[in-house]
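Below is one structure, written out as C-alpha cells; the observations come after it.
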Ligand SMILES: Cc1ncc(C[n+]2csc(CCOP(=O)(O)OP(=O)(O)O)c2C)c(N)n1
Ligand SMILES: Cc1ncc(C[n+]2csc(CCOP(=O)(O)OP(=O)(O)O)c2C)c(N)n1
Ligand SMILES: [Mg+2]
Ligand SMILES: [Mg+2]
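Chains as they are written, first to last, in this note's numbering: chain A, 1 to 356; chain B, 1001 to 1356; chain C, 2001 to 2384; chain D, 3001 to 3384.
Dropping the structure here:
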C-alpha cells in the first residue's frame, strides 16, 4: 500500500508525493504510449483535460484522435465506444460524474456487459468506463452518487474501485489491458490524496481479483473499498485505544470478488463489518455480508454488520457529512459486534483484547 | 391467497377462474373509472392493448387521451410522465419488456425517485411504472431480464412484485393510489396463471409493505416473491415427502420491505432460503439474507442460503430452464440447511420432522 | 408463377409490357417543410429598421431587467469567492435570453430552467435566495415549484425537456390555457432526451417552447464539436415544428420571437424550437478556467455585442438614457444585490433530520431506524 | 456608468446616438442546408424514365435476390408454425430494402441489422441457419460477426446505430477504407440513440449510411403517432448530413441511392440518412394480430406496389422474364428454402455448460462454482 503523507511534504524516499489524480493521468498516458489501440474519449477530455484534469496533456501528446472531446451524450459516447471496440480499439471512456453515466445504462447493460457472451466470445469488449464517483466534495445534486450496486448486479461487467495512489495507477492499467469491460470507479474525494509513489517507478500492485489487507488485526475485520478505506483505517487506529485490533481489508475490485481473502480474514477474526458510502439497502454490503455468512457461518461470533450511507437520495453539500459513514459510525458497529459476541450461545465471548 | 386452479376448470365457488392478466387489466380499468387523473401510456397500449394485452379495451372505454400510444422512446415516455405528474395527473406507464426500461433509467433514478425529496415534498411523483419482467416464456435476448436489483438500490422508489391473481389486482390498485412512485414488476410467466378471483368482487389484499405467509411451516422458511412463488410452493409440497414442513413467505413488495413478518418467521423456523430468478450476485437475495442475519443471528441454525439465477446474461430460450431456479435447486438448498444445522455447535440440531 | 401473376399484384396496372407501376400509396402525412426552416441569419431588432417599432416602455422594462440581471450575476459570482455559494454558473452575457424567457410568460405558464438559468427564475419573480439554494448547498430545490411555476433547476442536461412537454400536455388535456417554456444549452441538444422531448411535443402538439441558448460552448467543447448542422434551429424541421434563429443578445428580438412562439403554442399551434445565438462571457463556473479552451480575443469580440449595450444604444437614440433613469435603474439593481448579499451572508438554518423527510410520503421502517441513529449521533455530539 | 461606457463595449461602433450595433460575431460554422434536404417525393426508378438506364444484369441480380428473399421469409414464417422458430419478424414486402442494403456493400464493409433484418444478413452471405439462431433460441448471435462483417442482430431498438458509427470511425482512424450501413425502423427513429448516433456520425464525418425502413408501423403504432415531420429524411439537416427519400419497394432506386451514399461515405464525404418508404405486409411477428390496428384495404393497396412485381414489370418490358429464367430463379429459391427447412428441422446441439462460457474471458470464482452446480444437476438428471 502507498504510504499516506501530509500534503506538500516529502516522503520517506525523499520523493515528492503523488496524488491519485496524477497516478490516474499517468496510467492513461502510459497505456496510450504502449498501445496505439487505446483511445480516450468523453466530454471535455481533450483540451480541458477533463473537469478533474485526469486526462490533462493527453490530447497534446497523442493528438485529438486519440483523446477526443465527444458531443454531450453519454449513451452516444458509450455506444460509439462499443463500435470502436468491435473494430479492435480499446476505448477508455470518461463519464463526467456518477449520475451522468445513467443515460448510458442501456448501452452498458444490454451491450457492453453481454457482447462477449452473445457472440460466443468472438466480440469481446475491452472497454474501460471511468466514473468519478461518490460524495464528500460538496457537489450539488447528481454529482455525488455511489452507483456501484447497479454495476455489481450486471453479469459481464467487472467493477474496480481503487483506494490508494498505487492502485489507481496499477488497476487502471489492468483495466485498460483487460479484454473484458471494466467499470472503473474513481473515488472523487481521494483524487487529491497523496502517497509516496513515483511514475518513473510505479510499484507493482496485487493482481485484479485480490483483496488486500491494508492493516492486519485480530479482533474483527473491516471490509471496504474506494472512498471508505481511509475512514476504516482511521477507525482502526481509534479502536486501538479501546483495545480492539481491527483488520482492514480493501476489496479493490467488487467484480471479481475475492471470497478467499475475505473469508480467510473473517474466519480468523470471527467478526466483520462491511463499510461503504453507497446506500445500505440493496447496496454492495448486502451481497458481501450474505456471501461471508454463507461461507463462514460457523466461524462468526456475531452477524456481519454493515455501515453504509443512509437509504436516501444523496444529500446537499451542507448535510453530506451526516450521511457519509464516518469513524464514529464504524466504531459503533464494532461495539455492537462485541455486544453480539457476548450474546452468542457457546461463543468464545472473545471481546476486544484487554477489554473487561 | 387466490386458489390456484387448473386451466379451463371452474373453481370451488363455481366461478370461471381469472388470469393474472385479466386481474391487471381490471385494476387499470377500475382505477381509470374511479379517478380521472389516471392516465395510461406506453408503446402499443392503445388500439393493440399492449403486446401482453394488459391494456386491452382501455382506449376504447376511456379514449385515446386517457390510454395513449406514445412514440417509441422509453426515456421520453417516463420523462413526459414526470411532467404530467407535476401537473397533478397519475400516469401509469407501461414498459414493453424489462430490458426496454433501461433507456428510461436516468429519468427513473435522477428524477422519478428523487423529485419528492428534492422539492421538500412539494412535488410528489404518483407514478406507476409497469414492467413485464423475468423469464420462462421463451423470449429472445433482452426480453427476460430480472431487473429488480437496480430498482431496490434506488432510494425513493417502491418496488412491488405480485405473485397471485388477487395481489395483481390489489397491488396494482395500491400502486396507482400511492403518492410515491412504484416500479410494478409483473411476472410475465404468471400472466396466464389462473385463480378463483372475480372482478365483481375482488378479494381485499394485505396492505402494501406486508409479506404474506402463503404456506405455514415449521422446518425452514422459503422467502420469495413474484415468479418464484409457485416454484417455492411446489418445492414445499415436494419437501413434505422428505419430512420437511416448509413455510413459504411471499414478500410482495421489496420496497417497502417487511422485516417484521420475515424475521418472525425465521425466528420461528431457525432456517431460511431466499429464492429468486434474478442473478444471485448483487441481487435482492444478498440484501434479504444480510438483513435477516443482522436481525435474527442468534436464532439461526444455519446461514441464510440463496437460490437464484446464475450470474450470467439471461440465456437463450432453449437453455433457460437450466438457469431458472427450480424445485430441485430449492430442495438442494433445504438439504444443505439441514447439513449446516447439524454442524452448529450448541445448535438444537433440529432437522426435518421425522428425519433420522 | 411470378409475383406479377399473383392475385392483387396488378391492381395498379396490368402486367402488360411497358406498363408503369403505380407510385407507393400516398399514406404518409404531408407537411410543408418550408415554413419550418429557420432563416439563415439570426433575427435581429436592435440596429435594424425593426427597432423603431419597439415600444419604449418594453425597452425600458427589458433594460431594467438586464441591468438587474447583470448585477445579480456579478453578485452571485462574488458570493462564490466569499464561500457563500458552493458554485455559480454565471449567465453574464446571456441575460437577454434569461430575461426574455421570463417576461414572455403569463403567470399561469411554467418555466423549466437548466442549472444555468437561476436568473430566468429570478426574473420570473422567484426569491433569489431560494433560487440559489441548490448552489449554496443547503438543499436541492429551494422553492415550491408550484408557487411561481418554476420547475426545479435541472442539472442532468436536457432531462427537464420531457418534463416540460408532459406538463404542457397534461394542462392541455385538462383544458387549461398553460404554456411551458423549457431552456437548454447547445451542449444539451446532443442528448437523447432533447430528441425525445421535441418529438413527443410535436406528435402531441403540446404547447411548449424550447429555448436553446447556444453560447458556443459546452464547458470547453465548442459548437463545431457538438454539431455539424447549419444551425441548431434546423433540427426543428425533423420533428415537424418551426425552428427560429435569433440573436440571443438582442432582448427585443428575443422578446418578439419567444412571444410569438408562446402565442402560437397558446393558440394550439404546437411547439417551437428557438435557437438564441449568444455567448458565455464568464468561465463555465467559478471553478472553470476558460483560458484553456478559448481566446481572449473571441471574448473581447463578443463584449462588443453586449446585450445591455445593445439596448442602451436604442434607449440613447430615443433620449431615454437620461442620467436620472440610469442612476435609478442602477440603484434598484444595487438594492437587490445588497439585499441578496446580506441574506446570503447569514448561515442557512439546517436540520440534519431533513435527510429523512420527503424520501417517501411516509418513512419506511428502515428510514425510521436510520433517523433514530442519526438523532442519537447528533445528541451524542452535542454532549461532547 | 452604463454598459456603453465600459471599456470594450464600443468596439463595434461608437456610443453615439443612432449608431447601429454590430451583428453577433460570425463564429458559427456555416453549412448550406439546401443540399441536405430531401426531395418532396420518394425517389423512384421503376416506372419512370430512369428505368431504362438500369443495367439488365443488375436488374436480374436484384430480382433473383428478391425472389429468394421472399421465399426465405415465407419459409421462416412456416418454421414458426412448425415450432422450429420461437418467433419470426417477417420482412415480406420490404425485401427490396433488405437486398439493396446487402448488395451495395463491399466485402470489407459492415452491416448493422436490426432484429427484423435477418434477410439483409443472409443476402450478404450469412448462413440462414446461423442468422436465425437468435429466433430459434439456441443462442443469441449465431455467427462470428467478423466473418461476414455483420454485427449482431439487434433487439433493443436503435442501440446498434452508435455501434455502426463507432466502428466506421475506428476504421477511418486506422486508415481502413470501410463503410458501415446501419438499419433501423421508423419507430426506432424516436429513440434517443438514433439522435445521438446521427449526431456523432456527422460531427466525426464517419463513413456511415443510415437506412430507415419506414414501413408505416412500429408494431401497432402508425407513423402519424411516431412523428409529425414532413418525412423522416428531413431529420438529416438537423445533423448536417444529407437526407434522401426513396421508394423502399423500388429495388433499383434503393440500389442507386444507397450506393451513392456508400460511395460518398467512402470518399470521406460523411454520413447520409436514407428513408425508404415501404410497408410491412405481414403482422409484426407471427405472434402479432395486425387486424387490430390496420385495414385489409391498406394492405391490399400496398400489394399493388409489390417490390418483386415492380422489377418483374421492367424485366418483362425487356423480354427478360422468360419462362426459363422464371423457373430457374424460382428453383434456386426453392432449393435454398428446402435446405433451410431441412436443416432447421434438426434439433440444434445444445450444451447447457455454454451458459458459463464467454461471460468473461476467464470465468470468475462464482461462475466456476455455479457451473459445477449445474454439471452436478445434469449428471443427477441423467442418472434418474
Ligand atoms: C447528463 C449530463 N451530462 C453531463 C453533465 C456535466 N455538465 C454540466 S454542464 C455541461 C456543459 C453544458 O453545456 P451546454 O448545454 O451548452 O450549457 P451551458 O453550460 O453552455 O449553459 C456538462 C457537460 C451534466 N450536467 N448532465
Ligand atoms: C428499446 C426498445 N423498446 C421497445 C422494444 C419492443 N419493440 C420491438 S419491435 C418494436 C417496434 C419497432 O418498430 P420499427 O422501429 O418501426 O421497426 P419495424 O418493427 O417496423 O421493423 C418494439 C416497440 C424494443 N425492441 N426495444
Ligand atoms: Mg453552451
Ligand atoms: Mg416500422
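Every residue gets a Cβ at the ideal spot worked out from N, C-alpha and C, and that includes glycine.
- Residue 2214 (chain C) sits in a strand when the DSSP states are folded into three classes.
- Judged by pairs of C-beta atoms under 8 Å, the stretch 3178-3196 of chain D touches the stretch 3107-3117 of chain D, as three or more such pairs exist.
- For the pair of segments examined, the stretch 2089-2108 of chain C was found to touch the stretch 2055-2070 of chain C: the number of CB pairs separated by less than 8 Å reaches three.
- Proximity of the stretch 196-208 of chain A to the stretch 308-315 of chain A falls short of the contact definition, fewer than three beta-carbon pairs being nearer than 8 Å.
- Listed by position along the chain, the residues with Cβ atoms less than 7 Å from a non-hydrogen atom of ligand 4 are D:3185, D:3186, D:3187, D:3213, D:3214, D:3215, D:3216, D:3217, D:3218, D:3280.
- Here the alpha carbons of residue 1285 (chain B) and residue 3274 (chain D) stand approximately 48 Å from one another.
- Considering only B:1062, B:1022, B:1046, B:1051, the residue with the shortest C-alpha distance to residue 1034 (chain B) is B:1062.
- Listed in chain order, the positions of the stretch 3121-3144 of chain D with a beta carbon within less than 7 Å of a beta carbon of chain B are 3134, 3135, 3137, 3138, 3139, 3140.
- Close to residue 3253 (chain D), with beta-carbon spacing below 7 Å, lies no residue of chain C; the smallest spacing is near 11 Å.
- The residue from B:1197, B:1119, B:1133 with its alpha-carbon nearest to that of residue 1020 (chain B) is B:1197.
- Residues of chain D whose Cβ lies closer than 7 Å to the Cβ of residue 110 (chain A) are, in chain order, 3156, 3159.
- For residue 1288 (chain B), the enclosing alpha helix (DSSP H) has its first and last residue at 1284-1296.
- Put simply, the stretch 2212-2227 of chain C does not touch the stretch 2252-2270 of chain C. Fewer than three CB pairs are less than 8 Å apart.
- Between ligand 1 and the CB of residue 1078 (chain B), the shortest heavy atom gap is not smaller than 8 Å.
- A distance criterion of 8 Å places the beta-carbon of residue 1103 (chain B) in contact range of ligand 2, judged by its closest non-hydrogen atom.
- Under the three-state reduction of DSSP output, residue 215 (chain A) falls in the strand class.
- DSSP, read as helix, strand or coil, puts residue 1324 (chain B) in coil.
- Around the CB of residue 2242 (chain C), 16 or more other CB atoms lie within 10 Å, so the residue is classed as buried.
- Taking 8 Å as the upper bound for CB-CB distance, residue 1109 (chain B) and residue 1127 (chain B) are not in contact here, some 13 Å apart.
- Residue state for residue 2188 (chain C) is assigned as helix, using DSSP reduced to three classes.
- With respect to chain D, the C-beta atom of residue 2227 (chain C) has a partner C-beta closer than 9 Å.
- By the neighbour-count criterion, in which 16 or more other beta carbons inside 10 Å mark a residue as buried, residue 3370 (chain D) falls on the buried side.
- Using beta-carbon distances, residue 2359 (chain C) counts as an interface residue toward chain A, with a partner under 9 Å.
- One alpha carbon belongs to residue 2165 (chain C), the other to residue 1081 (chain B), and they sit about 9 Å apart.
- In this structure the stretch 1155-1167 of chain B does not lie against the stretch 320-333 of chain A, because fewer than three pairs of beta carbons, one per stretch, are closer than 8 Å.
- Note on geometry: alpha-carbon atoms of residue 2235 (chain C) and residue 3198 (chain D) lie some 12 Å from one another.
- For residue 2080 (chain C), the enclosing alpha helix (DSSP H) covers residues 2056-2081.
- Counting of Cβ neighbours within 10 angstroms places residue 68 (chain A) among the buried residues, the total reaching 16 or more.
- Look at residue 3305 (chain D): its beta carbon is at least 8 Å from all of the heavy atoms in ligand 1.
- Legend: CB atoms of the stretch 2338-2372 of chain C lying less than 8 Å from CB atoms of chain A belong to residues 2348, 2350, 2352, 2354, 2355, 2356, 2359, 2364, 2366, 2367, 2370.
- For residue 3218 (chain D), the nearest CB of chain B lies under 9 Å from its own CB, placing it at the interface with that chain.
- For residue 155 (chain A), the nearest CB of chain B lies under 9 Å from its own CB, placing it at the interface with that chain.
- Closest in C-alpha terms to residue 2200 (chain C), from the list B:1340, B:1073, B:1047, comes B:1073.
- Look at residue 3157 (chain D): its beta carbon is less than 8 Å from one of the heavy atoms in ligand 2.
- If you ignore the 5 residues before and after residue 3128 (chain D), its C-beta comes within less than 7 Å of the C-beta of 3072, 3122, 3340, all in its own chain and listed in chain order.
- Ranked by Cα distance from residue 2159 (chain C), the first of A:90, A:135, A:103, A:167 is A:103.
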